[in-house]
Amino acid sequence: MADVLTAIALFILAAIALGLFAVLRSRVAIERMMAVQLLGTGGAATLLLLGAATAQPALADVALLLVLLSAFSCAAFTLGERGAAADEPAEPGQSS
Amino acid sequence: MISLADSFTLAFVAAGALLFLAGTLGLLRFPDTLSRLHALSKADNLGLGLIVIGLLPQTQTIAGGVKLVCIWLLAQLSAATASQLIAGIAARRQPDA
Amino acid sequence: MSPSTIPRLRPSRSALLLRALGFLALWLALIGTAANDWPFGLLAAAAATWASLALWPPDSRLSLPGLARFVLRFLPQAVVAGVDIARRAMAPRIALNPGLVDYQTTLPAGLAQGAMCAVMSLQPGKLPISCQASGAMLIHCLDTETQVGAELAADEAAFLRILPERGRHG
């Protein structure tokens, strides 16, 4: 059972790595931010699986930390963006 | 012969892994930033949820299970908010994305 | 969305205590019940209660049966949303017709609209982009061919049922 869980964890890690490659290739800052989200969710999944495989519940704490870090970095990014674009109209165009 | 709990775990965890793969494929194949954001926020969080459900029979204590569910709830909540925040910025930068 | 637009009421002491106990329970579930950690847990619960006063006005009540029906309705849809993405991403040819859709919501500005947006971002093929106080929403859809407007109206009706009174903080 532990071997299977480890194998699935590695599979997810590979999928995240591929996704990270896709978003980090882009120059757009928003896609970089998506990389943080991807790392938060996927990293948490990998850590939870490894924690179950190795019977180390402490890994769940690391997973929790990853989720929280990605949430806070996203909020900080948005606040910084708002500050930078303060002189522009707050809402995007509604003509579409 | 594997136990019922183990086969439950395997089924859900494998489905979760499949959704992570789908999320990555979406990131690679979807044409624009906002569509890629759809793939990220929906597929990956469902994947995490399935993995959490699958791991529940493997936890030794009830507190451990509650903790897993709390981690997933926090992840889901932050993803729902974060994806909107990112989408707002994306649309502001390129209104016809 | 700014908290200053919400009328400030004096929150009742029991409501505050209940909220603090809830945060403490969350802390205990996440960190554990070791005796050394209790002071930090109490501090964290107090801080969370203080922060929640600004973000989540204590006078906003939800109807519990409505909330249960709501969860039963939206949880399967979150699963459908993930499967929908998987199906599209694994299809041999990417069949997307992405675009922006305007929608006018009747929900009161503030918490209700924010919560509606958060829920909507988990729905299949929809991602809210902006929501103004007037109720004008901009939603990004993966497939603009489908009946997006009707789906949105149905979702909103289900959402309205968890609020006991309309225009509570309008």
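Residue numbers (the numbering used here), protein chains in the order written: chain A, 477 to 572; chain B, 230 to 326; chain C, -9 to 160.
Just so it is clear, CB atoms sit at the ideal spot from N, CA and C, and this is done for glycine as well.
Could you give the distance in angstroms between the alpha-carbon of residue i and the alpha-carbon of residue j?
{"i": "ALA243 of chain B", "j": "GLY283 of chain B", "result": "9 Å"}
{"i": "SER307 of chain B", "j": "ALA547 of chain A", "result": "6 Å"}
{"i": "GLY573 of chain A", "j": "ALA491 of chain A", "result": "Residue 573 of chain A falls outside the range modelled here, since chain A spans only 477 to 572, and no answer is possible."}
{"i": "LEU279 of chain B", "j": "ALA234 of chain B", "result": "15 Å"}
{"i": "TRP28 of chain C", "j": "ASP133 of chain C", "result": "50 Å"}
{"i": "LYS271 of chain B", "j": "LEU248 of chain B", "result": "9 Å"}
{"i": "LEU515 of chain A", "j": "LEU263 of chain B", "result": "18 Å"}
{"i": "GLY245 of chain B", "j": "ALA316 of chain B", "result": "25 Å"}
{"i": "LEU11 of chain C", "j": "ALA85 of chain C", "result": "49 Å"}
{"i": "ARG321 of chain B", "j": "LEU90 of chain C", "result": "13 Å"}
{"i": "TYR93 of chain C", "j": "LEU8 of chain C", "result": "37 Å"}
{"i": "ILE119 of chain C", "j": "ASN26 of chain C", "result": "44 Å"}
{"i": "LEU239 of chain B", "j": "GLN513 of chain A", "result": "25 Å"}
{"i": "VAL297 of chain B", "j": "PHE259 of chain B", "result": "Looking at the sequence provided, one finds Leu at residue 297 of chain B rather than Val. About 31 Å."}
{"i": "GLU135 of chain C", "j": "PRO88 of chain C", "result": "9 Å"}
{"i": "LEU6 of chain C", "j": "ALA37 of chain C", "result": "12 Å"}
{"i": "GLY556 of chain A", "j": "PRO66 of chain C", "result": "35 Å"}
{"i": "GLY157 of chain C", "j": "ILE129 of chain C", "result": "Confidence at GLY157 of chain C is low in this model, with a pLDDT of 43, below 50, so the placement of that residue should be treated as unreliable; the coordinate-derived value is given next. Their Cα atoms are separated by approximately 23 Å."}
{"i": "CYS550 of chain A", "j": "LEU254 of chain B", "result": "23 Å"}
{"i": "ILE231 of chain B", "j": "GLY293 of chain B", "result": "23 Å"}
{"i": "THR482 of chain A", "j": "ARG151 of chain C", "result": "44 Å"}
{"i": "CYS107 of chain C", "j": "PHE237 of chain B", "result": "34 Å"}
{"i": "LEU101 of chain C", "j": "ARG63 of chain C", "result": "20 Å"}
{"i": "GLY569 of chain A", "j": "ALA126 of chain C", "result": "The predicted model places GLY569 of chain A with a pLDDT of 40, which falls under 50 and marks its position as unreliable; any figure quoted below should be read in that light. Approximately 12 Å between the Cα atoms of the pair."}
{"i": "SER4 of chain C", "j": "TRP46 of chain C", "result": "16 Å"}
{"i": "PRO55 of chain C", "j": "GLY115 of chain C", "result": "27 Å"}
{"i": "THR39 of chain C", "j": "GLY31 of chain C", "result": "12 Å"}
What does residue i pair with, by DSSP beta-bridge criteria?
{"i": "LYS116 of chain C", "result": "C:CYS131"}
{"i": "CYS550 of chain A", "result": "Note: CYS550 of chain A sits in no beta bridge, so no partner."}
{"i": "ALA126 of chain C", "result": "C:GLN94"}
{"i": "CYS107 of chain C", "result": "BP columns for CYS107 of chain C are empty, so no partner."}
{"i": "CYS121 of chain C", "result": "C:MET127"}
Measuring CA to CA, which of the options is closest to residue i?
{"i": "HIS267 of chain B", "options": "C:LEU16, C:THR39, C:ASP74, C:LEU57", "result": "C:ASP74"}
{"i": "VAL61 of chain C", "options": "C:ALA143, C:LEU112, C:ARG77", "result": "C:LEU112"}
{"i": "ALA165 of chain C", "options": "C:ALA79, C:GLY22, C:LEU16", "result": "Residue 165 of chain C is absent from the structure shown; chain C starts at -9 and stops at 160."}
{"i": "MET110 of chain C", "options": "C:ALA123, C:VAL138, C:ASN87", "result": "C:VAL138"}
{"i": "ALA493 of chain A", "options": "A:GLY519, A:ASP479, A:SER502", "result": "A:GLY519"}
{"i": "ASP187 of chain C", "options": "C:THR95, C:HIS130, C:ALA19", "result": "Because chain C spans -9 through 160 in this model, residue 187 of chain C falls outside it and cannot be assessed."}
{"i": "LEU486 of chain A", "options": "A:ALA534, A:ALA521, A:ARG501, A:LEU544", "result": "A:ALA521"}
{"i": "GLY22 of chain C", "options": "A:LEU489, A:ALA529, A:PRO533", "result": "A:PRO533"}
{"i": "ALA71 of chain C", "options": "C:ALA81, C:LEU97, C:LEU117, C:LEU101", "result": "C:LEU117"}
{"i": "GLN287 of chain B", "options": "A:LEU540, A:LEU524, A:ARG558", "result": "A:LEU524"}
{"i": "THR290 of chain B", "options": "A:ALA531, A:VAL538, A:ARG503", "result": "A:ALA531"}
{"i": "LEU545 of chain A", "options": "A:ARG558, A:GLY559, A:MET509", "result": "A:MET509"}
{"i": "GLN313 of chain B", "options": "A:ALA529, A:ILE506, A:LEU535", "result": "A:ILE506"}
{"i": "SER181 of chain C", "options": "C:LEU142, C:GLY31, C:PHE13, C:GLY115", "result": "Nothing about residue 181 of chain C can be reported from this structure: the residues present for chain C run from -9 to 160 only."}
{"i": "GLY276 of chain B", "options": "C:ALA58, C:ALA24, C:VAL69, C:THR39", "result": "C:VAL69"}
{"i": "PHE149 of chain C", "options": "C:GLY115, C:CYS121, C:GLN103, C:CYS131", "result": "C:GLN103"}
{"i": "ALA143 of chain C", "options": "C:LEU97, C:ARG83, C:ALA105", "result": "C:LEU97"}
{"i": "MET477 of chain A", "options": "A:ASP537, A:ALA552, A:ALA529", "result": "A:ALA529"}
Assuming the contact rule is C-beta atoms closer than 8 Å, residue i and residue j should be a hit. Round their C-beta distance to whole Å, please.
{"i": "LEU256 of chain B", "j": "LEU269 of chain B", "result": "6 Å"}
{"i": "ALA81 of chain C", "j": "VAL295 of chain B", "result": "ALA81 of chain C to VAL295 of chain B, Cβ: 38 Å. No contact."}
{"i": "ASN274 of chain B", "j": "ALA319 of chain B", "result": "So it is not a contact: roughly 19 Å between Cβ atoms."}
{"i": "ALA79 of chain C", "j": "ALA99 of chain C", "result": "Not confirmed; about 36 Å, so no contact."}
What runs of the beta strand (DSSP E), each 3 residues or longer, lie entirely inside the region 44 to 88 of chain C?
none
Completely contained alpha helix (DSSP H) runs for the region 482 to 550 of chain A, where each covers 4 or more residues:
505 to 529
Identify every run of the beta strand (DSSP E) within the region 230 to 300 of chain B, keeping only runs that are complete inside it and at least 3 residues long; order them along the chain.
none
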